Amino acid sequence: MLAVACVKQVPDTTQVKVDPVTGTLIREGVPFIINPFDTHALEESLRLKDRYGLRVVAISMGPPNTEVTLRKALALGADDTVLLSDRVFGGADTLATSMVLAEAIRRLAREEEVAVVLCGRQTIDGDTAQVGPGIATRLGYSQLTLVDRIEEMDLSAKQVRVRRKLRTRSEIVAAPLPAMIAVTREANRPRYPRVPMRLAAEDAVVTLWDNQEMKLDEETVGLKGSTTQVRRIFSPERAKGEILGDGLSNPEEAAQLLVGRLIEKGLLNL
Amino acid sequence: MSPDIVLFAIVLVAAIAFFGWSCFRRFRLVTLGRPDNRFHDIGRRLGNTLLYAFGQRRVVSRPFGVNHLVLHWCFLILLAANTEFLLGGLFPDYISLSRLPDGAYHALAFIFDLVSILALLAVCAALIRRAAFTNPYIGGLSRDSVTILGLVAVLMVAFFGMHAGEIAQGSEAAARYMPVSGYVAAAFLAGIPAGSLAGLIGFFWWLHAVVLLTFLNYLPYSKHMHIMTAIPNCFFKSLVRVNTQPREEFKKGNIFGVGQIDQFTWKGLFDAYSCTECGRCSDACPATFTGKPLDPRLVIHDIKANLIANGPRLKRKVATVLPLIGNGQEREGSVAEEVIWECTTCGACLEVCPVFIEHFPRIIDMRRHLVEMQARFPEELITFFEHMEQRRNPWGIAPAERTKWTAEAEVSPFEAGTTEYLLFVGCAGAFDARNRRTTLALTRILSAAGVSWGILGRDEICCGDSLRRLGNEFVFDRMAEENVRMFAERGVKKVITQCPHCYSTLKNDYRQYGAELEVSHHTELINNLIKTGRLKLDKAGDPGKVVFHDSCYLGRYNGVYEAPREAIASVTGQRPVEMTRYRERSFCCGGGGGRMWLEERLGRHINVTRVEEALQAEPGTVCVCCPYCTTMFEDGLKDKGVEGSVRVLDLAEIVAGALK
Ligand code: SF4
Ligand code: SF4
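Note that the protein sequences, when read in sequence, are chains P and R.
Just so we're aligned, residue 2 is where the first sequence starts under my numbering, counting upward by one.
Just so we're aligned, residue 162 is where the second sequence starts under my numbering, counting upward by one.
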């Protein structure tokens, strides 16, 4: 049985600047990283592998260099990887992305039963948190979002029990398998790759599925299949802070000023 | 043949056979180790052997070491006497000192007599010292030490009993030349009837024989094995300063680091057999000193115990019984994981070991195993490792911020041909607010002296020092290759660093990658600039009483001790005040070996301990020359609540403060 981990390669956003003139992201020279939220999804799938013997397949849609990210997944312990890459997949919004990913999972499920699909809660470049739910809806899987713990999985009874972390409370939810589980960053601490695995990953085969393979209707994928359009990207105005006191030479006074101001603004109740 | 001789022959052959078998059992295990060429440059090796093994240069550097030197030489001389004794026992008609020409016979009799009393006195002194006024690291009257010292004492007593008897009997032709034996004969044996005398001589002769053979057979099973191994270990000692680790070849199927005893090199194993358990390394170790579970002597001892436990099984290719890296529950022969992470790689242990055992390289071997094969390490390291891989600096700060500090200085990019030196700023010097002040001070000095320098700017990446010392050789390897490639592409030949860790890494570690850089630490460069008159100082910028702290990676790793002291003297008019432990014996700040990025959970804090030592000198300024030391000392001073009255300044800041 499979655990499919969906990972995305994203620009290291802390290093991305917005072009002040065109309003677009300057991606040049910015290194790519695996979406930090997705590292937790991958880790959770690897833990399911350790706990229940599931086979882990990491999938990703992106340009050909996404292969690097998938190799990282292999180094961490994924058994297989599928790269969904084709010109016509480019420029996709969450709707079109979930389309391709869902179809890929469907293809995987034809070969081997899928127990769970794991997604990160959101990405750091898009921040929409829609792709996971999109996949679940398209595939008709149980949809479990904001999961910070997978309590138990019963593969024969096809049941999973998870803990969802909501704003003010946690809830324990049971759902039938297959399920799409979107995990939060608190779900786990991702492991670190061992060198022999890294070396093995360096020349392992990353399966490529392009649209010749997938045969999806070009109207439903990529830019054409997207319903959202980015009109403008800009950095939100940030209210300028003010400097209160001198914390370095007089920390006590500075602390008093700070607490006073917080009470004044109603942010602190004593 | 008399029945006595037959009996003795049987005893002797059995004893020697058992000794030979013991040695074979022990030493054949050394061949389990991986290869390490320690046979080149025989001439220098022989020189080292003379100086350190026979001359005991390091042993005598401690007050009581002379006693050991005396015993060592007595032992060597009496080796001849005892060979004569054993062979003479077997072939009394052929082998005897008395068969030598008179001159030689008398001289040897005289020497053996004197040396024996010297040995007896030295043994007594050692026993008294262990019992009465020992340093804690010596370990007092351990069973091992009492046994061996006791055996030697009895051996000497038997020697005198035997010879005194012969003198009293009148059968010793060289009696006149044996003052001590002669004295014993006159004082204790006068008037004893001939028959009793013969019995006494026989008794002492057998006592001597039995004790001697017992001693021989005890050696391979005790710390006194060093009597056999210390001399070769000095011969095999590293011919260069041990300031780097060997590269690993990242090929599929290789094993990385050491997780099982046979993955050490043979020298690592032989080291373990050579330990004299003198405790000097424990005494020098900052981790041991501050009450942490790491004790370098025990690490070496555990390697030996593990080899003895697992070696024969590995020879037979069956599973080992004792893990090399344990969880702290095992008794002897396993090094606990937490121990492995406590080492600051300060090198103090190596510096004092009289037999040149290489302690921390073994610790790094085991770290490599934990990181590379097991991905097991203190949890705070995962962020550190990931920051290094993703952002090429320890904090994970965006690389674009590497040049932020340049807003306050006039800086140009390094260009081969136009700029002479590359200023390799280092991560701390570029990102850390406190250490940027050092960088700025250094740039002021360079400009004042008219040095032509430039930086790599945003393209600079971490040198990887902490990665390597923490055992993450895989990531270090890639970063080192990247750096070396960049240096070659940009035509970098001369480098200035303000961080001893960058300094040592670029200078020593990168050599393994083919980089032949001329690297100067800023202390060396600044001192040269002052000495050659290129830097004009104004003595007015007096920083008060200056106490100096040696950075491990500058001092012990690279032998730079004088440059910073001379530079301080140029500013203040006098050499800095020294702490109790300084130069080769300096005590680490606690930040090396990747410890900068680890919590210090066990024992007292190393930095606070060092700050306390510095405060004893009542300084106005603690002068350091390493960004880690700066941070460690500032934190330590805050801990002591004296950050208002004592300052921590980098040498560059002190000198910059005195610029005209
Ligand atoms: S290198 Fe320093 S910290 Fe490590 S064992 Fe030796 S003395 Fe102790
Ligand atoms: S390792 Fe060296 S310094 Fe330490 S106890 Fe053994 S012989 Fe002495």
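Backbone N, C-alpha and C fix where the C-beta goes; we use that ideal spot for every residue, glycine too.
Model, not experiment: these values are computed from the prediction.
- According to the DSSP assignment, Y664/R belongs to no beta strand (DSSP E) but to the alpha helix (DSSP H) extending over P661 to S665.
- If you compare the alpha carbons of I60/P, E113/P and A79/P with that of D51/P, the shortest gap goes to A79/P.
- Listed by position along chain R, the residues whose Cβ is nearer than 9 Å to that of D13/P are Q551, R552 and A559.
- Bridge partners of D81/P according to DSSP: V58/P.
- Residues of chain P whose Cβ lies closer than 8 Å to the Cβ of F546/R are, in chain order, Y193.
- Scanning the region 547-585 of chain R from its first residue to its last, no whole alpha helix (DSSP H) run of 4-plus residues comes out.
- In the DSSP assignment, C7/P forms a beta bridge with I60/P.
- Listed in chain order, the alpha helix (DSSP H) elements of length 4 or more contained wholly in the region 224-278 of chain R are 226-251.
- The Cβ of P32/P sits closer than 8 Å to at least one Cβ of chain R.
- One finds nothing in chain P with a Cβ atom closer than 9 Å to the Cβ of I518/R; even the nearest lies about 28 Å away.
- For G322/R, the closest C-alpha among the options R337/R, G311/R, A334/R and F349/R is that of F349/R.
- For the region 194-222 of chain P, the set of residues with a beta-carbon nearer than 8 Å to any beta-carbon of chain R comprises P194, R195, V196, P197, R199, L200 and A201, in chain order.
- For K799/R, none of the residues of chain P pass the 8 Å Cβ criterion, the least Cβ distance being about 11 Å.
- The count of Cβ pairs closer than 8 Å, one atom from the region 250-263 of chain P and one from the region 112-125 of chain P, stays below three, leaving the stretches out of contact.
- Counting C-beta atoms within 10 angstroms of its own C-beta, E113/P has fewer than 16 neighbours from the protein chains shown and is therefore classed as exposed.
- Residue state for D638/R is assigned as helix, using DSSP reduced to three classes.
- As summarised for the region 86-165 of chain P, the continuous alpha helix (DSSP H) elements at least 4 residues long and confined to that stretch are 95-112 and 132-140, given in chain order.
- If the five residues before and after V231/R are omitted, its C-beta is found closer than 7 Å to the C-beta atoms of L279 and A283, all from its own chain and listed in chain order.
- Under the three-state reduction of DSSP, R186/P is assigned to helix.
- Around the C-beta of V231/P, fewer than 16 other C-beta atoms lie within 10 Å, and the residue is accordingly described as exposed.
- Nearest CB-CB separation between A536/R and chain P: below the 8 Å threshold.
- In the structure shown, E499/R falls within a helical segment according to DSSP collapsed to helix, strand and coil.
- For V732/R, the enclosing alpha helix (DSSP H) stretches over residues E723 to T733.
- DSSP places P473/R in no beta strand (DSSP E) but in the uninterrupted alpha helix (DSSP H) bounded by P457 to K476.
- When the beta-carbon positions are compared, V707/R and P661/R stay at least 8 Å from each other.
- Distances from the CB of G420/R to the heavy atoms of ligand 2 are all 7 Å or more.
- For the region 413-433 of chain R, the set of positions with a beta-carbon nearer than 7 Å to some beta-carbon of chain P reads K413 and F417 in chain order.
- DSSP places C624/R outside both helix and strand once states are collapsed to three, so it counts as coil.
- In the three-state scheme derived from DSSP, where H, G and I count as helix and E and B as strand, C504/R is classed as coil.
- Remark: the C-beta of G508/R is in contact range of ligand 1, defined as less than 7 Å to any heavy atom.
- At least 8 Å separates the CB of I486/R from every CB of chain P.
- Counting only the Cα atoms, T229/P lies some 30 Å from D149/P.
- Here the alpha carbons of I416/R and L200/P stand approximately 12 Å from one another.
- Boundaries of the alpha helix (DSSP H) around I362/R: A355 to Y379.
- Interface annotation, I543/R: in contact with chain P, CB-CB separation under 8 Å.
- Counting along the chain, H41/P sits inside the alpha helix (DSSP H) bounded by residues P37 to Y53.
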